[in-house]
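Let me begin by presenting the structure, written as structure tokens, before commenting on it.
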């Protein structure tokens, strides 16, 4: 049964040992410790099928190590000083666009700091450069070494030596001699002598071998180097948060390009998703609107027969308004017109109501009286809403003034009707 | 399938991109056009609902009026019958109010949208008081009598007016018989 693996706490480690490559799965237990699970061994590191992007441990033969005393304790100055020193010693590779190196502070005195500079060698095989690898490191970051001792084992076909002083790794190197003989002893003695003279190593530290030695070889080394030889099983690798960053420049560049492409792809996908979402929202909005309109249509369809019936009733009434509405009765208009007439000075000579049109003609003693009567007519409540048309009063030969007004009832059909 | 060159691939991508853009423009255009159509439909239905709401508020008012019309509108067997009744009515009311009938003419009956109209032309003379009383007698909405026209003119005699009127009655007739004008 498959089980869920929390990738945040699991690291696959591609580790060189002897003449082959091992894949280890390291689980961080979140309490500072880790569990290592051996997965498989292959000849070609690209054949591993890691679950996560693995950490690739570069064999030490492709890495240069340089312990340095630098005369500062200022961490800001250290990168430049280490860079200069390493370049000065000629161990920075310019095969790619930028040299790949890292350093670690080992210990400090009152005035100076011991750092261990590590750089990727020119000879690092290009076929191991892959963007599928999470980071490049060295195997020594993932082992626990015996304190104040050299530890020697075979890695990727070569003897490698690591020196631990005071609990920290201070130096490591792949040895050039691959047989345990006088030359092997000389190389080891030279390295230790130089480190001892620089105040990095002890005088004759014991040596632990993780590879098998014959009793003769063991005796030979002990006598030659005047030290103790210990044989121990190689410990399991462990999860380390203290590591070197040795990712080749090409891989870094490819990763940066890949990241940029991924960003552009994500941006494109984001835009397409936003566009699709906008379309979906618009579609949803139209759907909702259509649903709302359909509801309104149902409501209208249900109401319209009743409304038509009411409208028809209203029309029927309006057709008969002339017979049914009291204010359309000519007698009502006649009485209203006489009610506003002054007691003296005005008389009506002609009255006509034909359908919705009213015509009143009369005579007045003088023009102001005629005008005042016409004004009163227009103001009368009974004639509210009427549409009036009248001419100014005209004088007759008998020195009286004639007025003539026409009015249309508000219910009068318009010309269009 | 042969491998495409880089320039061919680029052209293909541009071509596909153009098609995608055109299809999308068309889709968006059609969605907006559909939206406009929906807006128009919505406005139309909103208007209808508002109108319906207004009418519904007046429902009782108008339906009561229609019921009143149905109840009171006179109904006659024939137009001839209706005409003779109107003729008699106008004459009786004029005589009752001491109006001197100068002329009386029967007008052609007409079928209108909501009623059948029969009418009479009348010319008479009388005092203002008599004319007003007569007009009041004739005005009876419950019997659907209508003054289609009422004209009052002064005569040469003092306190005497000439009245000219078209009096109609709106009714329903079961059997319409054409009545010729006299």
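Residue numbers (this note's numbering), protein chains in the order written: chain A, 1 to 417; chain B, 1001 to 1182.
The beta-carbon is built from N, C-alpha and C at its ideal position, and this holds for glycine as well.
Keep in mind the model is a prediction, meaning the values are calculated, not measured.
{"Asked": "Test: residue 341/A CB closer than 7 Å to a CB of chain D", "Found": "No chain D is present in this structure, whose protein chains are A and B."}
{"Asked": "Classification of residue 41/A by the beta-carbon crowding that lies within 10 angstroms, buried from 16 upward", "Found": "exposed"}
{"Asked": "Chain-ordered neighbours of residue 304/A on chain B, where CB pairs are closer than 8 Å", "Found": "1048 and 1052"}
{"Asked": "Contact under 7 Å by Cβ, residue 295/A with residue 1038/B", "Found": "no"}
{"Asked": "Below-7 Å beta-carbon distance, residue 1076/B vs any chain A residue", "Found": "no"}
{"Asked": "Closest residue to residue 1145/B among 1155/B, 1169/B and 1160/B (Cα-Cα distance)", "Found": "1169/B"}
{"Asked": "Proximity of residue 347/A and residue 363/A at Cβ, strictly below 7 Å", "Found": "yes"}
{"Asked": "Chain A contact for residue 1146/B (CB, 7 Å cutoff)", "Found": "yes"}
{"Asked": "Residues that residue 1060/B bridges to, as DSSP identifies them", "Found": "Answer is none; residue 1060/B lacks a bridge partner."}
{"Asked": "N-terminal and C-terminal residue of the beta strand (DSSP E) that residue 254/A is part of", "Found": "Premise fails: residue 254/A lies in the alpha helix (DSSP H), 249-319, not in any beta strand (DSSP E)."}
{"Asked": "Neighbour flag for residue 324/A against chain B, beta carbons, 7 Å", "Found": "yes"}
{"Asked": "Residues bridged to residue 348/A (per DSSP)", "Found": "362/A"}
{"Asked": "7 Å Cβ cutoff, residue 272/A in contact with chain B", "Found": "no"}
{"Asked": "Residue 177/A: first and last residue of the uninterrupted alpha helix (DSSP H) it sits in", "Found": "It is not in any alpha helix (DSSP H) - residue 177/A carries neither H nor E in the DSSP assignment."}
{"Asked": "Residue 1126/B in three-state terms, based on DSSP", "Found": "strand"}
{"Asked": "Sheet register partners of residue 1106/B (DSSP bridge)", "Found": "1120/B"}
{"Asked": "Residue-level contact to chain B via CB, residue 314/A, 7 Å cutoff", "Found": "yes"}
{"Asked": "Near the ligand SAM: residue 259/A beta-carbon under 6 Å from a heavy atom", "Found": "As for the ligand SAM, it is missing from this structure, which has no ligand bound."}
{"Asked": "Residues that residue 1153/B contacts on chain A, provided the C-beta gap is smaller than 7 Å", "Found": "350"}
{"Asked": "Members of the segment 1105-1137 of chain B that neighbour chain A once the beta carbon cut-off is set at 8 Å", "Found": "1112, 1113, 1114, 1115, 1132, 1135 and 1136"}
{"Asked": "Near-chain A residues of the segment 1063-1074 of chain B - C-beta to any C-beta below 7 Å", "Found": "1063, 1065, 1066 and 1069"}
{"Asked": "Extent of the continuous beta strand (DSSP E) run through residue 1153/B", "Found": "1145-1154"}
{"Asked": "Residue 1173/B - containing beta strand (DSSP E), residue span", "Found": "1161-1175"}
{"Asked": "Between the CA atoms of residue 63/A and residue 210/A - distance to the nearest angstrom", "Found": "20 Å"}
{"Asked": "Residue burial classification, residue 1007/B (beta-carbon count within 10 angstroms, cutoff 16)", "Found": "exposed"}
{"Asked": "Inside the segment 170-221 of chain A only - alpha helix (DSSP H) runs reaching at least 4 residues", "Found": "182-197"}
{"Asked": "Under 7 Å between C-beta atoms of residue 1153/B and residue 350/A", "Found": "yes"}
{"Asked": "Anticipated Cβ contact below 8 Å, residue 300/A with residue 1052/B, distance rounded", "Found": "7 Å"}
{"Asked": "is_contact[residue 294/A, chain B] using C-beta, thresh 7 Å", "Found": "no"}
{"Asked": "CB contact check: residue 1037/B to chain A, cutoff 7 Å", "Found": "no"}
{"Asked": "Contact the segment 157-166 of chain A vs the segment 197-208 of chain A: 3+ CB pairs below 8 Å", "Found": "yes"}
{"Asked": "Meets three-Cβ-pair contact criterion under 8 Å: the segment 371-389 of chain A and the segment 403-410 of chain A", "Found": "yes"}
{"Asked": "Whole-number beta carbon distance between residue 377/A and residue 313/A, since they are thought to touch under 8 Å", "Found": "Not really, about 34 Å apart at Cβ, beyond 8 Å."}
{"Asked": "N- and C-terminal bounds of the alpha helix (DSSP H) containing residue 156/A", "Found": "Premise fails: residue 156/A is in no alpha helix (DSSP H) and is neither H nor E."}
{"Asked": "Touch test, the segment 88-102 of chain A against the segment 171-188 of chain A, Cβ-Cβ under 8 Å, three pairs minimum", "Found": "no"}
{"Asked": "Proximal residues, the segment 258-291 of chain A versus chain B, C-beta separation under 9 Å", "Found": "275, 279, 282, 283, 285, 286, 289 and 290"}
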